[in-house]
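Enquirer: Start counting the sequence shown at 471; every next residue gets the next number (this note's numbering).
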Amino acid sequence: MEQEIIEVKKKVWKIKTLPKIRTFLWGAVSGALAVADRLQKRGIILDTVCKLCNSNTESINHVLFQCLPALEILQSVNFPPDPSSIRSLCQNIKLALEMMSDVTISETNRRAIPWLLWAIWKNRNSIIYAGTQISTEVLTHQAVEEATIWTEVNSPATTLSSLSPALVIAPRWSPPRTGFVKCNVNANWRNSSSLYGGAWITRDHKGTVLHNARDAFTGAPNRLTAELCCIVWSMKSQIDLGHHEVIFSIDKAFAALANVAAWPRYRSLLEQIMVLKTRFRTASFEQESERSNSIVRDIARTLGGPAWFHNRIQDEAHTNI
Ligand SMILES: [Zn+2]
C-alpha cells in the first residue's frame, strides 16, 4: 500500500501538465488536500458530509472520483472504464495515469485527464467557498481546450520547453505549417518616458506577407511591459483579421508566457493574453532570436522604405523553401 503510493507519487511528477496541476495531484496522492474528512482528523471540523451531494463523507477519493460532478466530468473521457468497480484513491489515480499512456484512447482525451481532475477540484472549491457553479459540460470543454493549448504551446514542433528556452531560439525565420500564420511581434522600447514603436507582420507557410502594422504606444515602465502590450495589440489585430491559427513569434516575453505564475508583476497583461488565446482555434508562442525577428524589429524602429522591406521578405521566403 505504502509502496504503491510512493510509486504513484513518482509517476505524478512526470505527468505532462502545468506545474500547479502536478502539485495538486501530488497533494491528492499524499492525502494533503483540505477536504472534510482530512480536516476532521486534525480536529478542525466535525461535519464531514460532502457539500456537493449532501450524502457521503467528503474524502479526497469521493470529491475527485465518486461525487456526481466528478463522475459527469470524467465520463467525458470514459473514466473509469468499469464504473461498478470500487477503488481506493491511490488506485484511481494510478488508473488515471495508466489511461494517459493508453494509445487506444484518443490523444485529446488522454492528455486532458490532469486538467479534468484539476477542474473537478476547482469546481468543488468554487461551489463551497464562492457559491458559484459552472455546468460540468462547460468545465469539461474548458479543461480539454486548456490541455490542447498547453500541449500545442509546449510541443517541440512549435515552441519549446520552458525548462530550456535557450535551446528553442530559432537562428533564422522559419515558416509556419501549412494553414497556420506566423506573426512576428516586436516592441522598440527605449525608456519609460518616451513613446515606443510596436510592429507585427504576418506571413503564411510560403513566407508571403499577409499583413503588417506599425504603431506608436505611450510609455511603458520597462521593455517586457512594452512587448506584452504589443502582443495584446497584435493578437487583437489577428482576431479582427480572421486569422484563427497563429504562431506568435516573440522575443523577451517568451519566458513570461512560458511560465506565467513566475511573473506576478505582469499578471494582468499575461492574463489578457491567456484570455485572447482562447479566441483562436490555435494560438501558440515561440521565441525568435534577435536575428530571426529582425524584420519586424526594423519595422518597429523605423517607418522603413518599401525597397529594403521587399528585398528582406523575399530573402527570408526563399531561404526557407
Ligand atoms: Zn459528494
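Even for Gly, the Cβ is constructed at its ideal location relative to N, Cα and C. Since the model is a prediction, treat every value here as computed from it, not as a measurement.
1. Where in the stretch 558–608 do unbroken runs of the alpha helix (DSSP H), each at least 4 residues long, occur, reported from the N-terminal end onward?
2. Buried or exposed: N649, going by 16 or more other Cβ atoms within 10 Å of its Cβ?
3. Nearest-angstrom Cα distance between K564 and E622?
4. Between A686 and N658, what straight-line distance do the alpha-carbon atoms span, to the nearest angstrom?
5. Among residues of its own chain, excluding the 5 on either side of P646, which ones have a beta-carbon nearer than 6 Å to its beta-carbon?
6. If V478 sits next to V499, beta carbons under 8 Å apart, how far is it from one beta carbon to the other, in whole angstroms?
7. With DSSP run on the structure shown, which of helix, strand or coil describes F687?
8. State the Cα-Cα distance for the pair A540 and A728, rounded to the nearest angstrom.
9. Less than 7 Å between the CB of L609 and some heavy atom of ligand 1, yes or no?
10. With a 10 Å radius around its C-beta and 16 neighbouring C-beta atoms as the bar for buried, classify L773 as buried or exposed.
11. Can you grab the Cα-Cα spacing for the pair V679 / R751, in whole Å?
12. Under the criterion of a Cβ to heavy atom distance below 7 Å, does L806 qualify as lining ligand 1?
13. Do L746 and A726 have their C-beta atoms closer together than 8 Å?
14. Reducing DSSP to helix, strand and coil, say where A502 ends up.
15. Given 7 Å as the limit, tell me if N661 has its C-beta closer than that to any heavy atom belonging to ligand 1.
16. Between the alpha carbons of Q536 and P551, how many angstroms are there, rounded?
17. My assumption, with CB atoms under 8 Å, is that W585 sits in contact with T487. Please give the rounded CB distance.
18. Check each candidate in N656, K484, G497, F549 and name the one with the smallest Cα separation from F724.
19. Could you tell me whether the Cβ atoms of L559 and I514 are closer together than 8 Å?
20. Is S555 buried or exposed, if buried means 16 or more other CB atoms sit within 10 Å of its CB?
21. Under 7 Å: does the beta carbon of L503 sit that close to some heavy atom of ligand 2?
22. Report yes if the C-beta distance between I709 and F755 is below 8 Å; otherwise report no.
23. Using CA coordinates, which residue listed in I475, M570, V608 is at the minimum distance from I543?
24. Give a yes or no on whether the minimum CB-CB distance between A669 and chain D is below 8 Å.
25. For F718, which residues does DSSP report across the bridge?
26. Could you check which residue in W588, G677, W496 has the C-alpha nearest to that of K480?
27. Are the Cβ atoms of I671 and I769 separated by less than 8 Å?
28. Return the chain-ordered list of same chain residues with a C-beta closer than 7 Å to the C-beta of I619, the five sequence neighbours on each side being excluded.
29. What would DSSP say about K481, mapped onto helix, strand or coil?
30. Closer than 7 Å to a non-hydrogen atom of ligand 1 - does that hold for the CB of N526?
31. Quick one: give me the first and last residue of the beta strand (DSSP E) that I673 is part of.
32. At the level of alpha carbons, what is the spacing between L637 and E715?
Expert: Working from what's here:
1. 559–570, 577–595
2. Here the question's residue 649 lines up with position 179 in the sequence shown. Correcting the residue identity first, residue 649 is Gly in this sequence and not Asn. So G649 ends up on the exposed side.
3. To locate residue 564, count along the sequence shown from 1; it is residue 94. To locate residue 622, count along the sequence shown from 1; it is residue 152. Roughly 25 Å between the two C-alpha positions.
4. The count along the sequence shown starts at 1 and reaches residue 686 at position 216. The count along the sequence shown starts at 1 and reaches residue 658 at position 188. Roughly 9 Å separates the two Cα atoms.
5. Along the sequence shown, one-based indexing puts residue 646 at 176. Excluding sequence neighbours, P646 sits near K652, H675, I717.
6. Within the sequence shown, residue 478 is the residue found at index 8, counting from 1. Within the sequence shown, residue 499 is the residue found at index 29, counting from 1. 5 Å between Cβ atoms; contact.
7. In the sequence shown, the residue the question calls residue 687 occupies position 217. Here F687 sits in strand by DSSP.
8. Taking the sequence shown and counting its residues from 1, the one referred to as residue 540 is at position 70. Taking the sequence shown and counting its residues from 1, the one referred to as residue 728 is at position 258. One C-alpha to the other measures close to 29 Å.
9. Here residue 609 refers to the residue found at position 139 of the sequence shown. L609: no, Cβ never under 7 Å from ligand 1.
10. Position 303 of the sequence shown holds residue 773. The predicted model places L773 with a pLDDT of 44, which falls under 50 and marks its position as unreliable; any figure quoted below should be read in that light. Under this definition L773 is an exposed residue.
11. One-based indexing of the sequence shown puts residue 679 at position 209. One-based indexing of the sequence shown puts residue 751 at position 281. In a straight line, the C-alpha of V679 is about 21 Å away from that of R751.
12. Residue coverage of the chain in this structure runs from 471 to 791, which leaves residue 806 outside it and unanswerable.
13. By one-based count along the sequence shown, residue 746 stands at place 276. By one-based count along the sequence shown, residue 726 stands at place 256. Against a cut-off of 8 Å, the Cβ pair of A726 and L746 comes out as no contact.
14. Position 32 of the sequence shown, counted from the start, is the residue given in the question as residue 502. DSSP places A502 in coil when its eight states are reduced to three.
15. Here residue 661 corresponds to residue number 191 of the sequence shown, with the count starting at 1. No, since every heavy atom of ligand 1 falls outside the 7 Å radius drawn around the Cβ of N661.
16. Translated into positions along the sequence shown, residue 536 becomes position 66. Translated into positions along the sequence shown, residue 551 becomes position 81. Between Q536 and P551, the C-alpha separation is close to 14 Å.
17. Your numbering for residue 585 matches position 115 in the sequence shown. Your numbering for residue 487 matches position 17 in the sequence shown. 7 Å between Cβ atoms; contact.
18. For the purposes of this step, residue 724 is taken as the residue at position 254 of the sequence shown. Of the candidates N656, K484, G497, F549, the one whose C-alpha sits nearest the C-alpha of F724 is N656.
19. Numbered from 1 along the sequence shown, position 89 holds the residue referred to as residue 559. Numbered from 1 along the sequence shown, position 44 holds the residue referred to as residue 514. The answer is no: Cβ separation not under 8 Å.
20. What you label residue 555 is simply residue 85 of the sequence shown in a count that begins at 1. The residue in question, S555, is exposed, as its Cβ has fewer than 16 Cβ neighbours within 10 Å.
21. In terms of ligand content, the structure shown lacks ligand 2 and carries ligand 1 instead.
22. By 1-based counting over the sequence shown, the position of residue 709 is 239. By 1-based counting over the sequence shown, the position of residue 755 is 285. The answer is no: Cβ separation not under 8 Å.
23. Here the question's residue 543 lines up with position 73 in the sequence shown. The shortest Cα separation from I543 among I475, M570, V608 belongs to V608.
24. Structure shown: chain D not included; a single protein chain is present.
25. Translated into positions along the sequence shown, residue 718 becomes position 248. Answer is C653, F755.
26. What you label residue 480 is simply residue 10 of the sequence shown in a count that begins at 1. Of the listed residues, the one whose Cα sits closest to K480 is W496.
27. Counted from its first residue, the sequence shown places residue 671 at position 201. Counted from its first residue, the sequence shown places residue 769 at position 299. Cβ atoms of I671 and I769: closer than 8 Å.
28. Working through the sequence shown from its first residue, we reach residue 619 at position 149. K747.
29. What you label residue 481 is simply residue 11 of the sequence shown in a count that begins at 1. Correct three-state label for K481: helix.
30. For this step, residue 526 is matched to residue 56 along the sequence shown. Correct: N526 has its Cβ closer than 7 Å to ligand 1.
31. As a first step, residue 673 is located in the sequence shown; it is residue number 203 there, counting from the start. The sequence as given places Arg at residue 673; Ile does not occur at that position. Unbroken beta strand (DSSP E) run through R673: 666–673.
32. Here residue 637 is taken as the residue at index 167 of the sequence shown, counted from 1. Here residue 715 is taken as the residue at index 245 of the sequence shown, counted from 1. With a pLDDT of 33 at L637, under the threshold of 50, the modelled position of this residue cannot be trusted, and the question is left open.
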